[in-house]
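Working notes, structure below.
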Amino acid sequence: MPNAGYLSALLLAWSMVIPWESASRIARHKMPAAPYQYARGPERFFDDALNLGLGGTCFESNTALKGLLDALGFETQFAFCDMEQSRVDNPHCALTVMLDGTRYLADVGWPLPAAVPLDSVPTTAEAPVYQYHVEPIDGERWRVWRQSGTFVQECFFLKGAPVPPDTFRARLIRDHQDDGLFLNNVIIHRLIDGRMLRFDQTRGLIERVPGAEHEIAWTAEQAADVPAALHAIFGVDLGILRQALASPSPKAFG
């Protein structure tokens, strides 16, 4: 029976098993194709996750999550999100899930490893490393932010209006055009042993624990073969990592 506890447990498990990563989309874009051919649906997404250790960025990850939740009997809707200083319209997405008359935010594309109620008053959810806060603002919009110790970060502004599947699919495909997001910077992010580990091609390997963030220095062996080191840490397919990291060094995030 779908319920909030089950949903949160699923989101937490997802964050421990399926990474948020841009390596696979960068590798796919090395092969000539039309934007719609780069975009993966849920079946391909989960096949890649099971066989290659891949995940994705927000649009493909949340498309796959919706397919899974719908199959499990949840009532879900796509939603678009705004982000500060974004250069594109609707740069982020999430799902809203209706459970016993209460709407919840579900988002493996941030990733957010807990379900958070969307209410007319501020709500909070505890997750590994961070506490997530959702605050209603004007109309059907909510500010989503997170805190870890004294660290506070704005996440996004959720727009509660449901997005039709065809509109969402068009936005997913739009993200695979030449100016799409996360096509020039390999990022991998996964919850491992209760800590957030994140590789960013512009910064290196970062560990996030409650209230702190640390850069982790490579050993000499890891530095000599970064794709192999990332494969050992995150489980992402080594061939995909080698393809993605063969790109020129990124000039900027995103």
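Numbering (this note's numbering), first residue to last: -4 to 249. Backbone N, C-alpha and C fix where the C-beta goes; we use that ideal spot for every residue, glycine too. Treat the numbers as computed from the prediction; the structure is a model and nothing was measured.
*Please check the pair PRO108 and LEU186, which I expect to be a contact at CB under 8 Å, by giving their CB distance rounded to whole angstroms.*
For the purposes of this step, residue 108 is taken as the residue at position 113 of the sequence shown. For the purposes of this step, residue 186 is taken as the residue at position 191 of the sequence shown. Between LEU186 and PRO108 the Cβ distance is about 6 Å, and since that is below 8 Å, they are a contact.
*asked:* Could you pull the DSSP bridge partners for GLN148 from this structure?
replied: The residue labelled residue 148 in the question sits at position 153 within the sequence shown. Per DSSP, ARG141.
_Complete runs of the alpha helix (DSSP H) confined to the region 6 to 58 [at least 4 residues]_ = 18 to 23, 30 to 33, 37 to 47
*Can at least three beta-carbon pairs, one atom from the region 18 to 27 and one from the region 230 to 244, be found at a separation below 8 Å?*
yes
*Range of the contiguous alpha helix (DSSP H) that encloses ASP161*: Walking along the sequence shown from the start, residue 161 turns up at place 166. Where ASP161 is concerned, the enclosing alpha helix (DSSP H) stretches over 160 to 169.
_Exposed unless 16 or more other CB atoms sit within 10 angstroms - verdict on SER115_ = In the sequence shown, counting from the first residue as 1, residue 115 sits at position 120. Per the 10 Å Cβ criterion, exposed.
*Just curious, the beta strand (DSSP E) that ARG203 is in, first and last residue?*
Stepping through the sequence shown from its first residue, residue 203 is reached at position 208. From DSSP, the beta strand (DSSP E) with ARG203 extends over 199 to 204.
*Going by the CB atoms, is the gap between TYR99 and ALA110 shorter than 8 Å?*
For the purposes of this step, residue 110 is taken as the residue at position 115 of the sequence shown. For the purposes of this step, residue 99 is taken as the residue at position 104 of the sequence shown. Cβ atoms of ALA110 and TYR99: closer than 8 Å.
*asked:* Along the chain, where does the beta strand (DSSP E) containing PRO222 start, and where does it finish?
replied: On the sequence shown, residue 222 is found 227 positions in, with the first residue counted as 1. Note, PRO222: premise wrong, no beta strand (DSSP E); alpha helix (DSSP H) at 221 to 229.
*What does a CB cutoff of less than 6 Å around PHE163 pick up in its chain, not counting 5 residues either side in sequence?*
Taking the first residue of the sequence shown as 1, we reach residue 163 at position 168. Closer than 6 Å at the Cβ level, and outside the excluded window around PHE163, lie PHE73.
*Nearest CA to the CA of TRP105: which residue from GLN148, GLY68, ASP95, PRO(-3)?*
Locating residue 105 in the sequence shown gives position 110, counting from the first residue. The candidate whose alpha carbon is nearest that of TRP105 is GLN148.
*Can you tell me which of the three DSSP states GLU79 falls into?*
For the purposes of this step, residue 79 is identified with residue 84 of the sequence shown, where counting begins at 1. GLU79: coil per DSSP, three-state reduction.
*Would you identify the three-state DSSP class for ASP133, choosing helix, strand or coil?*
Here residue 133 refers to the residue found at position 138 of the sequence shown. In the structure shown, ASP133 sits in coil (DSSP, three-state: anything other than H, G, I, E or B).
*Mapping DSSP to helix, strand and coil, what is GLN217?*
Numbered from its first residue, the sequence shown carries residue 217 at position 222. Three-state result, GLN217: helix.
_Using the Cβ count rule (16 or more neighbours within 10 Å means buried), how would you classify ASN46?_
For the purposes of this step, residue 46 is taken as residue 51 along the sequence shown, with counting starting at 1. With fewer than 16 Cβ atoms within 10 Å of its Cβ, ASN46 is classed as exposed.
*Leaving out five residues before and five after GLN172 in sequence, what residues of the same chain have Cβ atoms less than 6 Å from its Cβ?*
Here the question's residue 172 lines up with position 177 in the sequence shown. Answer for GLN172: PRO30, listed in chain order.
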